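Here's the structure we're looking at; comments come further down.
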Amino acid sequence: MQNNVVKNEFDLKAGHYETNRLAQWYKAHANEILNQVHDFDSGDILDIGCATGYQLRLLCERFPDAKLVGLDISDKMTQQASEYCEQLSRDIHFITDDWENLTDESRTMLENYSFRLIICANTVHYFIDPIRAIRQMYEMLDRDGMLLILEREKTSSPLTLLWGVLHRHLIKDQVEFYSADTIMAYLSQAGFKNVNVLSSIKKYFWKGKLFTSIALIKGNKIND
Ligand SMILES: C[S@@+](CC[C@H](N)C(=O)[O-])C[C@H]1O[C@@H](n2cnc3c(N)ncnc32)[C@H](O)[C@@H]1O
Numbered sequence: 012m013q014n015n016v017v018k019n020e021f022d023l024k025a026g027h028y029e030t031n032r033l034a035q036w037y038k039a040h041a042n043e044i045l046n047q048v049h050d051f052d053s054g055d056i057l058d059i060g061c062a063t064g065y066q067l068r069l070l071c072e073r074f075p076d077a078k079l080v081g082l083d084i085s086d087k088m089t090q091q092a093s094e095y096c097e098q099l100s101r102d103i104h105f106i107t108d109d110w111e112n113l114t115d116e117s118r119t120m121l122e123n124y125s126f127r128l129i130i131c132a133n134t135v136h137y138f139i140d141p142i143r144a145i146r147q148m149y150e151m152l153d154r155d156g157m158l159l160i161l162e163r164e165k166t167s168s169p170l171t172l173l174w175g176v177l178h179r180h181l182i183k184d185q186v187e188f189y190s191a192d193t194i195m196a197y198l199s200q201a202g203f204k205n206v207n208v209l210s211s212i213k214k215y216f217w218k219g220k221l222f223t224s225i226a227l228i229k230g231n232k233i234n235d
């Protein structure tokens with residue numbers, strides 16, 4: 012599977028992403044991230060794999076002074092995100108691009124911001140090269156910036172384990188689920204410090220979904 016296949020998949024999901032069966036599950040993740048953002052005081056925020064911008068709309072209420080940017084590979088997602096934001100009194104800037112193959116134009120746009128917080132929720136498992144993608148997050152962050160990655164934790168959810176096996180052997184695409192330890196190792200390799208699991212949620216049945224096991228992982232960019 013190439014990233015254009017991922018784009019097509021999410022183009023089809025954009026119109027009902029915030030109302031479908033899994034919407035309340037994803038929204039609960041966004042609220043969990045919001046609850047855990049304690050260390051952020053000022054600066055700009057980038058959400059990679061922002062989908063329809065629900066997370067950014069939550070952050071915009073909490074952080075009225077931050078400039079907010081969402082990036083997603085699916086133009087239908089960013090279009091829908093912009094429509095949801097029409098009623099807001101603030102601008103959120105949405106960029107349609109592939110984080111793994113940023114155009115020069117997107118890169119230049121992004122470099123105009125000072126990102127002190129980058130969020131990437133439920134998206135790392137789509138990356139072809141997650142280590143490179145995380146390294147790019149490190150580079151895009153400002154000094155003293157923080158990265159938050161939320162992902163399914165494959166070692167403690169039989170459902171995620173099963174999906175991983177199906178993706179690898181039957182669907183044969185690039186989707187790969189990780190353990191929290193593996194993602195933390197990727198952050199450390201990219202240069203992040205203070206890498207740890209800020210919170211984890213393990214539930215047999217939660218927000219309409221069986222066997223939830225998610226981890227919210229944090230890393231700080233600390234320039235020596
Ligand atoms: C499962 S959704 C998660 C959306 C949102 N972060 C959330 O937690 O509800 C994954 C999102 O990542 C986007 N995505 C996947 N691969 C991407 C890439 N290489 N670059 C940018 N966006 C990507 C998809 O289009 C989709 O909107």
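If you read the sequence shown in the working numbering, its first letter stands for residue 12, the second for the next number, and so on.
Positions of the beta carbon are idealized from the N, C-alpha and C atoms, including for glycine.
Here the structure is a predicted model, which means the values were calculated and not measured.
- Fully contained in the segment 66 to 136 are the following beta strand (DSSP E) runs of length 3 or more, in chain order: 79 to 83, 103 to 107, 126 to 132.
- In the three-state DSSP reduction, residue 63 falls in the coil class, being neither helix nor strand.
- Three or more beta-carbon pairs separated by less than 8 Å are not found between the segment 132 to 152 and the segment 212 to 220, which leaves the two stretches without contact.
- Counted as a single uninterrupted DSSP element, the beta strand (DSSP E) harbouring residue 205 occupies residues 204 to 217.
- Contact check for residue 165 against residue 33 fails: the beta carbons are separated by 8 Å or more.
- For residue 29, there is no enclosing beta strand (DSSP E), as DSSP marks it with neither H nor E.
- Taking C-beta atoms as the reference points, residue 77 and residue 56 count as a pair closer than 8 Å.
- For residue 143, the enclosing alpha helix (DSSP H) covers residues 141 to 151.
- Taking every residue with its beta carbon within less than 7 Å of a heavy atom belonging to ligand 1 gives, in chain order, 14, 17, 18, 21, 37, 40, 41, 58, 59, 60, 61, 62, 65, 66, 82, 83, 84, 85, 88, 108, 109, 110, 111, 132, 133, 134, 137, 138, 161.
- According to DSSP, residue pairing for residue 226 in a beta bridge involves 162, 211.
- No Cβ-Cβ contact shorter than 8 Å links residue 45 with residue 67.
- Nearest neighbour of residue 26 by Cα position, chosen from 124, 90, 177, turns out to be 90.
- In terms of Cα proximity to residue 59, the closest of 230, 224, 75, 161 is 161.
- The way I'd put it, the segment 88 to 105 does touch the segment 15 to 30; three or more beta-carbon pairs between them come closer than 8 Å.
- Scanning its chain for C-beta atoms nearer than 7 Å, with the 5 sequence neighbours on each side dropped, one finds around residue 170 the residues 221, 222, in chain order.
- Taking C-alpha positions only, residue 107 is separated from residue 114 by approximately 10 Å.
- Secondary structure at residue 14: helix, using DSSP grouped into helix, strand and coil.
- By alpha-carbon distance to residue 159, the top candidate from 109, 191, 174 is 191.
- Burial state of residue 52 is exposed, judged by a 10 Å Cβ sphere holding fewer than 16 other Cβ atoms.
- Secondary structure at residue 155: strand, using DSSP grouped into helix, strand and coil.
- When DSSP states are grouped into helix, strand and coil, residue 33 belongs to the coil group.
- The Cβ atoms of residue 153 and residue 126 sit closer than 8 Å to each other.
- Residue environment analysis places residue 100 among the exposed positions, since fewer than 16 neighbouring C-beta atoms fall within 10 angstroms of its C-beta.
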